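Shown next, in structure tokens, is the structure this report addresses.
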Amino acid sequence: MTDTVLSIRNLTAFYGDFQALFGVDLTLARGQALAIIGANGAGKSTLMRAITGILPSPAEAIQLNGRPIGALSAPEVLEAGISMVPEGRRLFPSLTVEENILIGAHSRIGNGYWTLEAIYDLFPVLKERRHNPGTALSGGQQQMVAIGRALMSNPDVLLCDEISLGLAPVIIRDIYAAFPRIRESGASVIVVEQDIGQALKVADHVCCMMEGRITLSGAPGDLSRDAIHDAYFGVSA
Amino acid sequence: MIWVDTIVQGILLGGLYALFAAGLSLVFGIMRLVNLAHGDLIVLAAFLILTVVNFLGLSPFVAVLIAAPVMFAIGWALQTYVLNRVLGDDILPPLLVTFGLSVVIQNGLLEGFSADSQKLSAGPIEAASLPLGPITVGVMPLLTLISAVVVIFALNRLFYRTKLGRAFRATSDDAVTAGLMGIRPRNVFAIATGIAMVVATIAALYLGIRANFDPSIGPARLIYAFEAVIIGGLGSLWGTLAGGILIGVAQALGAAVNPEWQILAGHIAFVLVLLIRPRGLFPRAND
Amino acid sequence: MTTSSKITLTRAFMALVFVALVCVPVIGSRAMVQDLFMVLTLLVLALNWNMLAGFAGLVSVGQQAFVGVGAYAMFGGVILWGWDPLPAILLGGLAAMLLSLPIAFFTFRLNGAYFAIGTWVSAEIVRLSLAQWKALGGGTGTSLPKGTTKDMLGVAQIKEILGVSSSAASDALTYWLALVLATVTLLAGYLFLRSRMGLGLQAIRDNVEAARSVGVDPLRLKALVFVLTAFGTGLCGALLFIQITRVSPDAAFSVVDWTAFVIFITVIGGIGTLPGPVVGVLVFYILQRALADYGTVYLIVLGLIGIVIMLFARKGLWGMFTEKTGIELLPLRHRALPRSDT
Numbered sequence: 001m002t003d004t005v006l007s008i009r010n011l012t013a014f015y016g017d018f019q020a021l022f023g024v025d026l027t028l029a030r031g032q033a034l035a036i037i038g039a040n041g042a043g044k045s046t047l048m049r050a051i052t053g054i055l056p057s058p059a060e061a062i063q064l065n066g067r068p069i070g071a072l073s074a075p076e077v078l079e080a081g082i083s084m085v086p087e088g089r090r091l092f093p094s095l096t097v098e099e100n101i102l103i104g105a106h107s108r109i110g111n112g113y114w115t116l117e118a119i120y121d122l123f124p125v126l127k128e129r130r131h132n133p134g135t136a137l138s139g140g141q142q143q144m145v146a147i148g149r150a151l152m153s154n155p156d157v158l159l160c161d162e163i164s165l166g167l168a169p170v171i172i173r174d175i176y177a178a179f180p181r182i183r184e185s186g187a188s189v190i191v192v193e194q195d196i197g198q199a200l201k202v203a204d205h206v207c208c209m210m211e212g213r214i215t216l217s218g219a220p221g222d223l224s225r226d227a228i229h230d231a232y233f234g235v236s237a
Numbered sequence: 238m239i240w241v242d243t244i245v246q247g248i249l250l251g252g253l254y255a256l257f258a259a260g261l262s263l264v265f266g267i268m269r270l271v272n273l274a275h276g277d278l279i280v281l282a283a284f285l286i287l288t289v290v291n292f293l294g295l296s297p298f299v300a301v302l303i304a305a306p307v308m309f310a311i312g313w314a315l316q317t318y319v320l321n322r323v324l325g326d327d328i329l330p331p332l333l334v335t336f337g338l339s340v341v342i343q344n345g346l347l348e349g350f351s352a353d354s355q356k357l358s359a360g361p362i363e364a365a366s367l368p369l370g371p372i373t374v375g376v377m378p379l380l381t382l383i384s385a386v387v388v389i390f391a392l393n394r395l396f397y398r399t400k401l402g403r404a405f406r407a408t409s410d411d412a413v414t415a416g417l418m419g420i421r422p423r424n425v426f427a428i429a430t431g432i433a434m435v436v437a438t439i440a441a442l443y444l445g446i447r448a449n450f451d452p453s454i455g456p457a458r459l460i461y462a463f464e465a466v467i468i469g470g471l472g473s474l475w476g477t478l479a480g481g482i483l484i485g486v487a488q489a490l491g492a493a494v495n496p497e498w499q500i501l502a503g504h505i506a507f508v509l510v511l512l513i514r515p516r517g518l519f520p521r522a523n524d
Numbered sequence: 525m526t527t528s529s530k531i532t533l534t535r536a537f538m539a540l541v542f543v544a545l546v547c548v549p550v551i552g553s554r555a556m557v558q559d560l561f562m563v564l565t566l567l568v569l570a571l572n573w574n575m576l577a578g579f580a581g582l583v584s585v586g587q588q589a590f591v592g593v594g595a596y597a598m599f600g601g602v603i604l605w606g607w608d609p610l611p612a613i614l615l616g617g618l619a620a621m622l623l624s625l626p627i628a629f630f631t632f633r634l635n636g637a638y639f640a641i642g643t644w645v646s647a648e649i650v651r652l653s654l655a656q657w658k659a660l661g662g663g664t665g666t667s668l669p670k671g672t673t674k675d676m677l678g679v680a681q682i683k684e685i686l687g688v689s690s691s692a693a694s695d696a697l698t699y700w701l702a703l704v705l706a707t708v709t710l711l712a713g714y715l716f717l718r719s720r721m722g723l724g725l726q727a728i729r730d731n732v733e734a735a736r737s738v739g740v741d742p743l744r745l746k747a748l749v750f751v752l753t754a755f756g757t758g759l760c761g762a763l764l765f766i767q768i769t770r771v772s773p774d775a776a777f778s779v780v781d782w783t784a785f786v787i788f789i790t791v792i793g794g795i796g797t798l799p800g801p802v803v804g805v806l807v808f809y810i811l812q813r814a815l816a817d818y819g820t821v822y823l824i825v826l827g828l829i830g831i832v833i834m835l836f837a838r839k840g841l842w843g844m845f846t847e848k849t850g851i852e853l854l855p856l857r858h859r860a861l862p863r864s865d866t
């Protein structure tokens, strides 16, 4: 039996009267890399907001290592072991590159695999620019800072929301090149992508979302292009 | 020569205003909160020091050490139980709540301490002065300015060199993302207001030693503090010092022309600076 | 009951209240007339401030500038130029309106909360400047010449009709003026908010960008509100000081009397609601009477109520009332006509 890190059962989410998620079920095995794909507005970002505690959920709907975390606040979810690379990177403009990375360890107690040096080892370019303001970097480098920042809490689960958005293919490849090492460190990964090709390359399991539901789930090799296409855009007439 | 003297006295006066303004500037820089009760909280701190002095027979300089932690706790509680509830996009609730607080504190002090003028006595140092080249400066005004510089230097170190300061800046930039990093914005705000109240206690010490005070003077002092913060540039601590000094010098020059024009000259300097530079002298780049 | 019959009923009720208030000097005591005069003038100030802060989002804590200038201009008219106090009231309103232009020019450059500080500093500048006006007593102030209010236009006639002393007649006159001013301000506010401009103003409050995209110019609209409320506030200031008969910079520019009370009245009654100030001024008056003997406690209670309302019921007593009952006395939104299914 595989060891489950994160399990989501019948998760719903609302923005006021508008329902954004309809009974989402999801299981993330330890060490797994899961890709969630879907078009704009499919509910991917809402799912991320629910997992990280920005959007409150029923406590039991989300469990981390068997512990209900749905009702926790964002800082509590981070301390429980889930960290996030948010969409649009959202570096802190008042902080330098190094401070942006260090702040990821704000509430960390004790040591772990990821330290400032380990992050610089993973993305050497950041070390050269560590005293620059975080927002003075190129988009790709900013994304590296955001990933490094999220790793600094030594998470059990790393969530990456649209990390390839707005970046050139060659830079996306560089960033994804870091993922094997991230997984070696023991973190399970969920990547949310609109870019199906990238997602299929790094993931060993794929979920496709549409209109607030998971419409398809399986290993990348098992899913046909047509099935993914249908799940992504809705069944073609 | 008389002009040099006037300007020096103005700079020293500006130190006092900067001290009044430093806490305000810190709080505004972190949470965009305009605390209309800040002046009354300084007066509250002055009465607290006075009480400690009267009961324990300590020098005001020692009494501050007891009053400061109490004021920190008051600031922390105020932020946690009241102000955190009204922070948000709408500026009306925080303004009106702190306005209400100002009235409550003022009249509460009036009830507890009467409207009589009070003073903190620091002994002979009050009258001491130093010859500084061709002019003489009072030791107390000089000490006030030095304290202002030290306080602002310390706040800057805190802001730019410590883990707490990093959390302050991150929360100020983007509170939601800061939450994703494990920072609890409400706690950060509570600590910031606590620190602002410690600075207010230091300001209260000089307020009480240098002049008479009574429960009603808070708003009158606050207005100079606000002027200093605004013309200094929102969220810039050194700008606040510069702003305080500018107001102080303007007041001294006005008073030199006609004693009745002292306050008016300060206000007019404030208006002029803002007409020329609407964002103040040293605005932060990302505001 | 249908909406239209509700509105008719409301209008009838309000007309009845108005008539009753008109009769007060005829049937009530002089103390009552004086009390209600203060209530009505505070209501006028609150209606104006509510329009500014509650609807236009301009949180001014410097409205005492306009009260004070209105008062000083009226005194100037009477003392320096020998005007009758009644036309001098109009002078007060115009002076306040004129003053609002440079103040708006300065304060509108300041964002959000700093607008509040800007208005406060402006009021201080005006206060300190007028304290230099030696002809009107400088820093200590001056009184209206003896007998001015008794010789006011209309006082003699009122004295004759009601058969009262000159002082009582002049009280009655200022009271009626306050009643007219309050009624006109309330009606004008209601009509303005239902007008195209008023709806634009509320649209700005809800969403600046959206309002701008449909052609509402937020700056011009807000400036208009600022200038018009300055006019109303100035008129009220002039009227107030005819009754008070003595002016000084500290009294005319009192931030507690002309701004703090007014803010609490509006907040307690319901900021951003049209009937809010009316409800607030009644609560204020009752509290003032009940706590008159306790001095400062009264202000503490007022402050605490204001804070509690901002924390737990931002639309004040009136907002709570409409939420609980669903009754809207003066509906500001145009209702969509019920569609008839064919």
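Chains as they are written, first to last, in our numbering: chain Z, 1 to 237; chain B, 238 to 524; chain V, 525 to 866. A virtual CB, placed ideally from N, CA and C, is assigned to each residue, including glycine. All figures in this text were calculated on a predicted structure; none of them were measured in a lab.
Which same chain residues end up closer than 6 Å to residue i when comparing Cβ atoms and leaving out the 5 residues on each side of it in sequence?
i: V:H858; result: Unreliable placement is indicated for V:H858, whose pLDDT of 49 sits below 50; the coordinate value is still reported in the next sentence. There are no such residues.
i: V:V771; result: A595, F599, G665 and F765
i: V:R863; result: The predicted model places V:R863 with a pLDDT of 47, which falls under 50 and marks its position as unreliable, so this point remains unresolved.
i: V:L540; result: none
i: B:T335; result: N272, L273 and A274
i: Z:T215; result: C208 and A231
i: B:P306; result: none
Quick check on this structure: which residue in the options has the alpha carbon closest to the alpha carbon of residue i?
i: Z:L165; options: Z:R225, Z:I175 and Z:V157; result: Z:I175
i: Z:I8; options: Z:G212, Z:A146, Z:I51 and Z:G112; result: Z:I51
i: Z:S107; options: Z:M152, Z:V97, Z:D17 and Z:V24; result: Z:M152
i: V:L715; options: V:L798, V:M598, V:K848 and V:I787; result: V:L798
i: V:L625; options: V:Y822, V:G796, V:L748 and V:L697; result: V:L748
i: V:G578; options: V:L615, V:G722, V:E684 and V:P669; result: V:G722
i: B:T438; options: B:N321, B:V388 and B:L332; result: B:V388
i: B:A506; options: V:F630, V:G601 and V:M562; result: V:F630
i: Z:A178; options: Z:V145, Z:I37, Z:L91 and Z:G70; result: Z:V145
i: Z:G112; options: Z:M210, Z:E76 and Z:A187; result: Z:A187
i: V:A628; options: B:L512, B:G517 and B:L518; result: B:L512
i: V:F785; options: V:G827, V:Q767, V:F750 and V:I810; result: V:G827
i: Z:S94; options: B:I383, B:Y397 and B:R423; result: B:Y397
i: Z:D156; options: Z:Q19, Z:L78, Z:I101 and Z:I119; result: Z:L78
i: B:Y318; options: B:Q343, B:A427, B:L295 and B:D411; result: B:A427
i: V:V563; options: V:F836, V:A727, V:G793 and V:A702; result: V:A702
Can you give the beta carbon distance from residue i to residue j, rounded, assuming they're within the 8 Å contact cut?
i: Z:I182; j: Z:V189; result: 6 Å
i: B:A259; j: B:L285; result: Between B:L285 and B:A259 the Cβ distance is about 18 Å, and since that is not below 8 Å, they are no contact.
i: B:P330; j: B:V341; result: In fact, because the Cβ distance is near 16 Å, the residues do not count as touching under 8 Å.
i: B:G276; j: B:G470; result: About 21 Å; that fails the 8 Å criterion.
i: V:Q588; j: V:T783; result: 5 Å
i: Z:L102; j: Z:L116; result: 7 Å
i: Z:A35; j: Z:T4; result: 18 Å between Cβ atoms; not a contact.
Here's a check: name, in chain order, each residue in its chain whose Cβ is nearer than 8 Å to the Cβ of residue i, leaving out the five neighbours to either side.
i: V:G617; result: G594, F755, G756, G758, L759 and A762
i: V:V821; result: L815
i: B:F309; result: G431, I432, M434 and V435
i: B:A407; result: T414, A415, M418 and I420
i: Z:G104; result: S83, G148, R149, A150, L151, M152 and S153
Got a sec? Which residues, its chain only, sit under 7 Å from residue i by beta carbon, not counting five neighbours each side?
i: B:S366; result: T373, V374, G375 and V376
Can you list the alpha helix (DSSP H) stretches of 4 or more residues lying completely in the segment 619 to 702 of chain V, in chain order?
636 to 654 and 679 to 686
Flag this pair as touching only if the segment 347 to 361 of chain B and the segment 443 to 456 of chain B have three or more C-beta atom pairs under 8 Å; answer yes or no.
yes
May I ask you to verify whether the segment 487 to 503 of chain B touches the segment 242 to 256 of chain B, counting CB pairs closer than 8 Å and requiring at least 3?
yes
Three or more C-beta pairs below 8 Å linking the segment 33 to 41 of chain Z and the segment 397 to 415 of chain B:
no
Under 8 Å: do the segment 832 to 850 of chain V and the segment 802 to 816 of chain V share three or more Cβ pairs, one atom per stretch?
yes
Are there three or more Cβ pairs, one per stretch, closer than 8 Å when the segment 249 to 257 of chain B is compared with the segment 55 to 73 of chain Z?
no
Check whether the segment 540 to 554 of chain V touches the segment 692 to 699 of chain V, counting contact only when three or more Cβ pairs, one atom from each stretch, lie closer than 8 Å.
yes
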